[in-house]
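Peer 1:
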Amino acid sequence: MRMPAMIIGLFLSLGVMPSSALANNSERASTDAPSGCQTETARIDQNFPTGAYQSCEVNGNKSFKLTIAPEDEGDINCSAWYAFRVNAARKARITVDLDYTKCGHRYWPKTSTDGVNWEFMKPKYVKVEGERGERSARLTLKVDETPLFVAAQEIFPPSIYDAWLDKLEQMSSATVSLLGRSAQGRKIELLRIADPETTPRETVVLVGRQHPPEVTGALAMLPFVETIMGESDLAKAYRSRFETLAVPLLNPDGVVHGHWRHNTGGVDLNRDWGPFTQPETRLLGNMLKWIEDDPVRDMRVLIDFHSTNRDVFYTIPDELPTDPELFTKKWLELYQERMPDYEVNRDARHTEGRPISKAHAFDVYGAPGITFEIGDDTDRKLIKRIGRESAIAMMETLLQTPEPANSVPTEK
Ligand SMILES: [Zn+2]
């Protein structure tokens, strides 16, 4: 019997049902995907967006071994992503060993049959062995004729963003446009949120998914965006003064290929802000420049959504003057007030010239740059609340800041 573990319904507020989220990825199947493993009982494959393992071995009729490896030989962050599908001929219990070439097991496995509802595997079916970088995992899976997806985090491919953006675009405050394309030609979309009746002159920039496995950051970014698009008086006041430019999926190639960290150029995109050597980051670099060069626009804040082992904001220290002044301090204090049963963690530091989004926004534009990190294992309901409450606190804080001098409307 299937255990009623934690059920996650993504995007219920918008009713997005990404029916194509787990469609076969023929592009991948025909190029670099190793063939699956098959026995009389079950077949394992990775031919769908985000599907990833290096190789599959049959150890017995009901026993498989997957080798999990990073996307390239370069320096890699230990975000050991895996995603695979099991098609069984009949009801059975199989074991799948996850054997890592580097870094060891990190993400608690989740399963889904529809790509929308995910269950965290019950601890008794997950055996993790070894220390730190040497950790491997043995998963015991109950399978039947319904294909079962097993992944490091909820599978969150470009099609989910497409469905979400399609839905948002129906609202009058949203415009979706093509910012540009990734190295492999995938769409990188820009969502602009602003009151259509006014001409906001202050810009908030939101960035997501530079790092493919960092799904919990995306799980916070969506409710964050939905909150500033909401019907509250606060959101309306915010949208009449501020435009929000959101790029929710900056590394679609890495996401589709199930990369641990990089784009297809072998680069960590959040170490490329400044050099802008990659097509994906260059789009953002140009967008920030365009905001700055526009005489009536002014970038007020840049927030970049990520995941790590805990919820934490990486920020510019308060001692370094930003414009708006002390925005981060005021925002996070207000956010903490709104989350009385939760501890808001802030880690403030700055290295000038470090090619990450946060430092670049500050070094070049004087704007508070913030890396918004969500823990890998943070409760999914709490993540929605984090997204919502932090957005409310951001809007309130920004509305209290004085308008920049250059944003005074010109007299007719
Ligand atoms: Zn990251």
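Going by mature numbering (1 follows the signal peptide of the UniProt record, and there is no 0), the letters in the sequence shown line up with residues -23 to -1, 1 to 389, in that order.
Even glycine gets a Cβ: it sits at the ideal position worked out from N, Cα and C.
Using a 10 Å radius around the Cβ and a threshold of 16 neighbouring Cβ atoms, would you call D9 buried or exposed?
Peer 2: Interpretation of D9 is limited by its pLDDT of 44, a score under 50 that renders its predicted location unreliable; the figure taken from the coordinates is listed afterwards. Counting Cβ neighbours within 10 Å, D9 comes out exposed, since fewer than 16 surround it.
Peer 1: For Q130, count neighbouring C-beta atoms within 10 Å of its own C-beta (all shown protein chains included) and say buried if the count is 16 or more, exposed if not.
Peer 2: It is buried - the Cβ of Q130 has at least 16 other Cβ atoms within 10 Å.
Peer 1: For W58 and A382, I'd like the C-alpha separation in whole angstroms.
Peer 2: 47 Å
Peer 1: How many angstroms separate the CA atom of L167 from the CA atom of L199?
Peer 2: 14 Å
Peer 1: By alpha-carbon positions, which one of H327, P332, M316 and R365 ends up nearest to D245?
Peer 2: When each option's Cα is compared against that of D245, the closest is P332.
Peer 1: Could you tell me if the beta carbon of S136 falls within a distance shorter than 8 Å of some heavy atom in ligand 1?
Peer 2: Relative to ligand 1, the beta carbon of S136 is positioned no closer than 8 Å to any heavy atom.
Peer 1: Since D74 contacts K42 with CB under 8 Å, what's their CB separation in whole angstroms?
Peer 2: 4 Å
Peer 1: Can S284 be considered in contact with ligand 1, in the sense that its beta carbon sits closer than 8 Å to one or more heavy atoms?
Peer 2: yes
Peer 1: Write down the C-beta distance between E111 and G81 rounded to the nearest angstrom, noting that I regard them as a contact closer than 8 Å.
Peer 2: The C-beta separation of E111 from G81 comes to about 5 Å, placing the pair in contact by the 8 Å criterion.
Peer 1: Can you grab the Cα-Cα spacing for the pair G242 / R186, in whole Å?
Peer 2: 16 Å
Peer 1: So, R178 versus S154, is the Cβ gap smaller than 9 Å?
Peer 2: Contact flag unset, no.
Peer 1: If distances are taken between C-alpha atoms only, which option among S334, A212, S284 and G235 comes closest to L260?
Peer 2: S334
Peer 1: Measuring only the C-alpha atoms, how far is T16 from T72?
Peer 2: 13 Å
Peer 1: Beta-carbon within less than 7 Å of E146's beta-carbon, same chain only, minus the 5 sequence neighbours each way: which residues are those?
Peer 2: Cβ neighbours of E146 beyond the five flanking positions: V153.
Peer 1: Opposite I369 in the DSSP bridges: which residues?
Peer 2: None, per the DSSP bridge assignment.
Peer 1: Excluding the five sequence neighbours on either side, which residues of its own chain have a C-beta within less than 6 Å of the C-beta of D22, listed in chain order?
Peer 2: G13 and R62
Peer 1: Around the C-beta of P379, are 16 or more other C-beta atoms found within 10 angstroms, so that it is buried, or is it exposed?
Peer 2: exposed
Peer 1: Apart from the five residues just before and just after P256, which ones in its own chain have a Cβ nearer than 6 Å to its Cβ?
Peer 2: A160
Peer 1: How long is the line joining the alpha carbons of W237 and E174, rounded to whole angstroms?
Peer 2: Cα to Cα, W237 sits roughly 43 Å from E174.
Peer 1: Can you give, in chain order, each stretch of the alpha helix (DSSP H) that sits fully within the segment 102 to 181 and has at least 4 residues?
Peer 2: 135 to 146
Peer 1: Within a Cβ cutoff of 6 Å, which residues of the same chain sit near A325, ignoring the five residues on either side of it in sequence?
Peer 2: T292 and P294
Peer 1: With DSSP as the reference, label A(-3) as helix, strand or coil.
Peer 2: Reliability of the predicted coordinates at A(-3) is poor, the pLDDT of 49 falling under 50, and the value obtained from them is presented with this limitation in mind. Coil, per DSSP.
Peer 1: Which whole-angstrom value is the C-beta distance of G231 and P189, which I expect to be below 8 Å?
Peer 2: That pair is a contact at about 4 Å.
Peer 1: Quick check: what's the CA-CA separation for S149 versus E220?
Peer 2: 13 Å
Peer 1: With a floor of 3 residues, list each beta strand (DSSP E) that falls wholly inside the segment 191 to 275, ordered by position along the chain.
Peer 2: 219 to 224
Peer 1: Is H236 near ligand 1, in the sense that its beta carbon is under 8 Å from a heavy atom of that ligand?
Peer 2: no
Peer 1: If you draw a straight line from the C-alpha of R70 to the C-alpha of G235, how long is it?
Peer 2: 26 Å
Peer 1: Apart from the five residues just before and just after M(-21), which ones in its own chain have a Cβ nearer than 6 Å to its Cβ?
Peer 2: Only weak support exists for where M(-21) lies, its pLDDT of 32 falling under 50; the value from the coordinates is given anyway. Correct list, in chain order: K99.
Peer 1: Between the beta-carbon of A140 and the beta-carbon of M206, is there less than 9 Å?
Peer 2: no
Peer 1: By how many angstroms is the C-alpha of R274 removed from the C-alpha of S217?
Peer 2: 14 Å
Peer 1: With C-beta atoms as the reference, is V182 less than 9 Å away from M371?
Peer 2: no
Peer 1: Name the two residues that bound the continuous alpha helix (DSSP H) containing V321.
Peer 2: Careful: V321 lies outside any alpha helix (DSSP H) and carries neither H nor E.
Peer 1: Mapping DSSP to helix, strand and coil, what is Q313?
Peer 2: helix
Peer 1: Roughly how many angstroms lie between the CA atoms of V233 and D143, to the nearest whole one?
Peer 2: 20 Å
Peer 1: Considering only residues of the same chain and omitting the five flanking positions on each side of D300, which have a CB-CB separation below 6 Å?
Peer 2: G343
Peer 1: For S284, count neighbouring Cβ atoms within 10 angstroms of its own Cβ and tell me buried if that reaches 16, exposed if not.
Peer 2: Buried, by the Cβ-count rule.
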